[in-house]
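For the record, in the sequence shown the residue sitting at position 50 is 66 according to our numbering, with numbers rising by one throughout.
Notes for the one structure printed next.
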Amino acid sequence: MFGLAVCARADMAEQVRLDMFFSAGCTECDRVKREILPELEAQFEGFYDLVGHDLLRPESVPLLVAYQERCGNRDNGRVSIIVDHTVFLSGYDAIAAGLFDRVNAALVARQDPAWQVPRPPDLADGEADEVVRRTVDGLTFSVVALGGLLDGFNPCAVSTLIFFMSVLAVAKASRRTRLLVGVSFITASFFVYMGLGLGFLYVFRQAPNFATVKKVVEVVLGLCMIPLAVLSFRDALRFRKSQRPDDVTLQIPKTIKTRIHGFMNSRLGAGGPILGGLVTGAGVTVLESVCTGQSYVPVLMYMLKKEHADLCTWCLLVIYNLLFVLPLAAVFVCFHRGMQLTALIDWSKRNLVVVKILLGLFFSAMAVLLLLA
17 MFGLAVCARA
27 DMAEQVRLDM
37 FFSAGCTECD
47 RVKREILPEL
57 EAQFEGFYDL
67 VGHDLLRPES
77 VPLLVAYQER
87 CGNRDNGRVS
97 IIVDHTVFLS
107 GYDAIAAGLF
117 DRVNAALVAR
127 QDPAWQVPRP
137 PDLADGEADE
147 VVRRTVDGLT
157 FSVVALGGLL
167 DGFNPCAVST
177 LIFFMSVLAV
187 AKASRRTRLL
197 VGVSFITASF
207 FVYMGLGLGF
217 LYVFRQAPNF
227 ATVKKVVEVV
237 LGLCMIPLAV
247 LSFRDALRFR
257 KSQRPDDVTL
267 QIPKTIKTRI
277 HGFMNSRLGA
287 GGPILGGLVT
297 GAGVTVLESV
307 CTGQSYVPVL
317 MYMLKKEHAD
327 LCTWCLLVIY
337 NLLFVLPLAA
347 VFVCFHRGMQ
357 LTALIDWSKR
367 NLVVVKILLG
377 LFFSAMAVLL
387 LLA
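This is how it looks when you write it as structure tokens:
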């Protein structure tokens, strides 16, 4: 954290207002703090008011978006400083090159009798969406989208989905009850998986020596992707020959699978269809993350590696998790409209080889992106 201080007010009409947006563990943010802020204080002590905005705090994100819209900034640097609510300096280079001159110009402008106190921007609905569309680069979006979709088709998730449908079928509940349970289950899966991702990013960013730890974990995780890719390709070959699920190595461990089945059977009908679906979806999502995390964690680390602004990170996580629950939602709709469980099982077997090959390619790509990109 930066611990930015507010300087004592100078004997003048108004100090120059500086708003600094940063994230914990951001290398450029640390560099600005270490190299530029001490010089700023040495030259202009008492003549400026520096306010820090930690982008891990949700209230900071809309304000940053509003400044981007007001100033017409499209750079989305990892650290930004806004001078007097009007001049947007994005990234270390821009701050180093222009901050002192801008502060000096703002002080000179205050000598003009017609000078007026700058006002912060008004936060308007819809601005955030427009900025996000311009900030997420194509490669990151592709990695996140593909990762979320493959995670949803992961045999770990599919096997849980099949058992979930079988429990609903055995329960012989009304269509309305099944619909409420299914929607609640899917909703809980989305928000819990989203929460796991946000929790991972938040805890990881609070780690001491974040930059060093991040680099070490990137290398370790990138190396782990190699055997996962090999095992995925091997699973595809073995299952193609035998058609036996037991020949698949990368799947939910039997002990976890047993706990998931027991949790579904005991919780699904408890407290009514909505509460039962929510509790079951939340518990099952946490348990199956032992397996589905194979795709989720490397995507999260890649997002940390790219050091996107936190607004982008939030939106990328939403995209990932929407695509993660998309197969679950699609299959549930088909089941609700009359699809038989045998058809679902046959479909999963027919496509397992393709999914495993795609997962192998995905793990291979993640190894390259984490180790070399």
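For every residue, glycine included, the Cβ atom is placed at its ideal position computed from N, Cα and C.
Check                                                                                                                             : Outcome
Beta-ladder partner(s) of residue 66, from DSSP                                                                                   : 34
Local Cβ density within 10 Å of residue 17, reported as buried at 16 or more and exposed below that                               : Legend: pLDDT at residue 17 = 39, less than 50; position of this residue unreliable, no value from coordinates given.
Terminal residues of the alpha helix (DSSP H) in which residue 95 lies                                                            : Note, residue 95: premise wrong, no alpha helix (DSSP H); not H, not E.
Helix, strand or coil at residue 27 [DSSP, three-state]                                                                           : Confidence is the limiting factor: at residue 27 the pLDDT is only 45, short of 50, which leaves the residue's position unreliable and the question unanswerable from this model.
Three CB pairs or more closer than 8 Å across the region 339–359 and the region 250–261                                           : no
Reduced DSSP category for residue 387 - H, G, I as helix; E, B as strand; rest coil                                               : helix
Outcome for residue 225 when other beta-carbon atoms lying within 10 angstroms are tallied against a minimum of 16                : exposed
Proximity winner among 381, 388, 371 and 98, relative to residue 84 (alpha-carbon distances)                                      : 98
Test item: CB-CB of residue 387 and residue 163 under 8 Å                                                                         : no
Residue nearest to residue 374 in terms of C-alpha spacing, selected from 289, 248 and 217                                        : 248
Proximal residues to residue 370 (C-beta, below 6 Å), its chain only, five neighbours per side dropped                            : none
Exposure of residue 349, with buried meaning 16 or more beta-carbon neighbours within 10 Å                                        : exposed
Beta-carbon contacts of residue 122 that lie in its chain and below 7 Å, excluding the five residues immediately before and after : 32, 99 and 100
Residue of 82, 184, 250 and 55 minimising C-alpha distance to residue 137                                                         : 82
Counted within 10 angstroms of its Cβ, other Cβ atoms place residue 28 as buried (16 or more) or exposed                          : With a pLDDT of only 49 at residue 28, under the threshold of 50, the placement of this residue in the model should not be trusted; the figure read from the coordinates follows. Residue 28 should be labelled exposed.
Which of helix, strand or coil DSSP assigns to residue 106                                                                        : strand
Cross-strand partners of residue 99 (DSSP beta bridge)                                                                            : 34 and 103
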